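Enquirer: Let me give you the structure first, and then I'll get to my questions.
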Amino acid sequence: MTLRVEQDIFVVRQRGREVAVAVGLERQDQVRIATALSEVARDLLRAVGGADVAFAIVESADGRRHLRVDLTPVTPLPGGRYEPESGAVARLVDTLSVLTVQRDTVVRMSRRVPATARALTAERLAELRAQLVESAPSTVEDELATQNLQLVSALDEVRSQRDELARLNEELEQTNRGVMALYQQLTDELEATNRGVVALYAELDEKSAQLRTASESKSRFLANVSHELRAPVTAIIGLARLLADSASDPLTTEQEQQVGLIRSSASDLLTLVNELLDLAKAESGRIEPEWAEVDLRALFGQLRGTLRALPAAEEVDLVVEEPAAPATVRTDEVLLAQVLRNLLHNGMKFTTRGEVRLRAEQRPDGWRLTVSDTGPGIPPQLHDRVFEEFYQVPGSSRVGGTGLGLPYARRLVNLLGGTLELASEPGLGSTFTVWLPSDGT
Ligand code: ADP
Numbered sequence: 003m004t005l006r007v008e009q010d011i012f013v014v015r016q017r018g019r020e021v022a023v024a025v026g027l028e029r030q031d032q033v034r035i036a037t038a039l040s041e042v043a044r045d046l047l048r049a050v051g052g053a054d055v056a057f058a059i060v061e062s063a064d065g066r067r068h069l070r071v072d073l074t075p076v077t078p079l080p081g082g083r084y085e086p087e088s089g090a091v092a093r094l095v096d097t098l099s100v101l102t103v104q105r106d107t108v109v110r111m112s113r114r115v116p117a118t119a120r121a122l123t124a125e126r127l128a129e130l131r132a133q134l135v136e137s138a139p140s141t142v143e144d145e146l147a148t149q150n151l152q153l154v155s156a157l158d159e160v161r162s163q164r165d166e167l168a169r170l171n172e173e174l175e176q177t178n179r180g181v182m183a184l185y186q187q188l189t190d191e192l193e194a195t196n197r198g199v200v201a202l203y204a205e206l207d208e209k210s211a212q213l214r215t216a217s218e219s220k221s222r223f224l225a226n227v228s229h230e231l232r233a234p235v236t237a238i239i240g241l242a243r244l245l246a247d248s249a250s251d252p253l254t255t256e257q258e259q260q261v262g263l264i265r266s267s268a269s270d271l272l273t274l275v276n277e278l279l280d281l282a283k284a285e286s287g288r289i290e291p292e293w294a295e296v297d298l299r300a301l302f303g304q305l306r307g308t309l310r311a312l313p314a315a316e317e318v319d320l321v322v323e324e325p326a327a328p329a330t331v332r333t334d335e336v337l338l339a340q341v342l343r344n345l346l347h348n349g350m351k352f353t354t355r356g357e358v359r360l361r362a363e364q365r366p367d368g369w370r371l372t373v374s375d376t377g378p379g380i381p382p383q384l385h386d387r388v389f390e391e392f393y394q395v396p397g398s399s400r401v402g403g404t405g406l407g408l409p410y411a412r413r414l415v416n417l418l419g420g421t422l423e424l425a426s427e428p429g430l431g432s433t434f435t436v437w438l439p440s441d442g443t
């Protein structure tokens, strides 16, 4: 169609809208393309005296359909360029450009047709063309009225969009307030928890300091008392021996018995005092292991010899297995011997039938020394308690003892960098395991 006089602008606009409706553009887009078209038409009429207008449906490389409008100016554009009077025009369509088509300079605009629009067959196009030819262009007044209506509906839409935006903003603000309140609450809770944890730690520190002081006082007390007791108890034993000596004045049978009682009680007391002193020394950290490469075979040989002299029930065998050579471990020989002697001694003391066995097994990272017996066993719930000072399994005290041997042994093993554990069931004997790292650390 042609654009030559002012009135044609309205016709171009009207046709543009009709075509937009026919190809299935949405309402907003119909108004947009019609408005863009009338703006460009006005510019071209003023600048070059008119143009020829052609509508086309084209398909882009991605298969999408576009409504394309070409305006071919009747005389060349000044400088071959075109800038719309209103900068907003370009925003009304997808593309607005000036290009050369078969040596003509053309102003081309296009708008995408929604995918949901009815497909345009050749027949449908022909039909549309016929409709457009038939429909008479409306008058300027009609077109103005239509334009006004469109303007009113566009304004209406803008207002409802603004309202929607305000509502969304309000909602967003509310959500933000909620999130901030939640954040504040969480921060407060975290702070309160932190304060609680800090207070708890302070209390813990204080308690462990108190415990340390109490334990140090206990060790000091034990060390002092036992040290002070040792001299008089030793003196009592010596004096009792003197009294019973054949070179002294003869005693009556009863006196002899009483002196014997004094001696054995004093000996028990001395054992207790010595053990207390050992334990106090181990607890105060005053025992410094003397590290050396110790040959377990030699150590076991010594134990075998010294323990043979121990009083044991007739039906109990003491078996000290020979460790496979080489059997060296970096440790303190005296302390380790003390621990093993203690465990073997206990085994012999509590076992009335069967055997007490010492065995050494080498593991990739250390030595596992076990002292097992076929004695009465210890109930599992008492496994921790037998390592407490002075604790004796009920009924076992009649065979003598102080309840200090195992806690002392465990302390020594810990000093040697190892552990001392117990596995036992009543009636199935006991196995004490000393684990020592090969390099003593
Ligand atoms: P004690 O001087 O009484 O032997 P220990 O500390 O060496 O003190 O042992 C604590 C207690 O553990 C013993 O009194 C005894 O009840 C129990 N116990 C220790 N070794 C054995 C064992 N081999 N078999 C059974 N009970 C044992």
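Read in this note's numbering, the sequence shown has 112 at position 110, and its numbers run on one by one without any break.
Glycine included, each C-beta is placed from N, C-alpha and C at the ideal position.
Treat the numbers as computed from the prediction; the structure is a model and nothing was measured.
Using alpha carbons as the reference points, say which of Val91, Asp72, Arg93 and Gly51 lies closest to Gln80.
Expert: One point to set straight first is that residue 80 is Pro, not Gln, in the sequence displayed. When only C-alpha atoms are compared, the closest one is Gly51.
Enquirer: Relative to the ligand ADP, is the shortest distance from any of its heavy atoms to the C-beta of Asp386 smaller than 7 Å?
Expert: no
Enquirer: Roughly how many whole angstroms lie between the Cα atoms of Trp293 and Asp334?
Expert: 5 Å
Enquirer: Considering only their Cβ atoms, is the gap separating Gln32 from Ala22 smaller than 8 Å?
Expert: yes
Enquirer: May I ask you to list the residues that DSSP assigns as paired with Pro439?
Expert: Gly368
Enquirer: Figure out for me which residue from Pro78, Arg288, Glu285 and Leu231 has the closest Cα to the Cα of Leu274.
Expert: Leu231
Enquirer: Rounded to the nearest angstrom, what separates Gln364 and Val322 at their Cα positions?
Expert: The straight-line gap from Cα to Cα measures roughly 16 Å.
Enquirer: Would you mind reading off the limits of the alpha helix (DSSP H) that contains Ile35?
Expert: It spans Arg29 to Val50 - the alpha helix (DSSP H) in which Ile35 sits, taken as one unbroken run.
Enquirer: My output table needs one value for Glu423: the three-state DSSP class, helix, strand or coil.
Expert: strand
Enquirer: Alpha carbon to alpha carbon, how far is Arg161 from Thr141?
Expert: Approximately 30 Å, taken between the alpha carbons.
Enquirer: Distance, Cα to Cα, Asp144 vs Gln9?
Expert: Rounded to the nearest whole angstrom, the CA to CA distance from Asp144 to Gln9 is 12 Å.
Enquirer: Is Phe57 helix, strand or coil when you go by DSSP?
Expert: strand
Enquirer: With DSSP as the reference, identify every bridge partner of His68, one or two as the case may be.
Expert: Val60 and Arg114
Enquirer: Would a C-beta distance cut-off of 8 Å place Ile289 and Ile264 closer than the cut-off?
Expert: Between Ile289 and Ile264, the C-beta spacing is not below 8 Å.
Enquirer: Starting from Asp297, follow the beta strand (DSSP E) in both directions and report where the run begins and ends.
Expert: Ala294 to Asp297
Enquirer: Pull up the CB-CB distance for Arg15 and Ala49, whole angstroms please, since I reckon it's below 8 Å.
Expert: About 18 Å separates the two Cβ atoms, so there is no contact after all.
Enquirer: On the criterion of 16 or more Cβ atoms from any shown chain inside 10 Å, does Lys220 qualify as buried, or is it exposed?
Expert: Counting the other CB atoms within 10 Å of its CB gives Lys220 a total below 16, which places it among the exposed residues.
Enquirer: Sorted by chain position, which residues of the same chain lie with C-beta nearer than 6 Å to Ala268's C-beta, five sequence neighbours on each side aside?
Expert: Val235, Ile238 and Ile239
Enquirer: If I measure Cβ to Cβ from Phe434 and keep anything under 6 Å in the same chain, skipping five residues before and after, which residues do I get?
Expert: Leu345, Val373 and Leu424
Enquirer: In three-state DSSP terms, what is Leu5?
Expert: When DSSP states are grouped into helix, strand and coil, Leu5 belongs to the strand group.
Enquirer: May I ask which residues mark the beginning and end of the alpha helix (DSSP H) holding Leu153?
Expert: Val142 to Ala246
Enquirer: Hey, is Thr376 close to the ligand ADP, as in C-beta under 7 Å from one of its heavy atoms?
Expert: no
Enquirer: Based on DSSP bridge pairs, tell me the residues matched to Thr74.
Expert: Asp54
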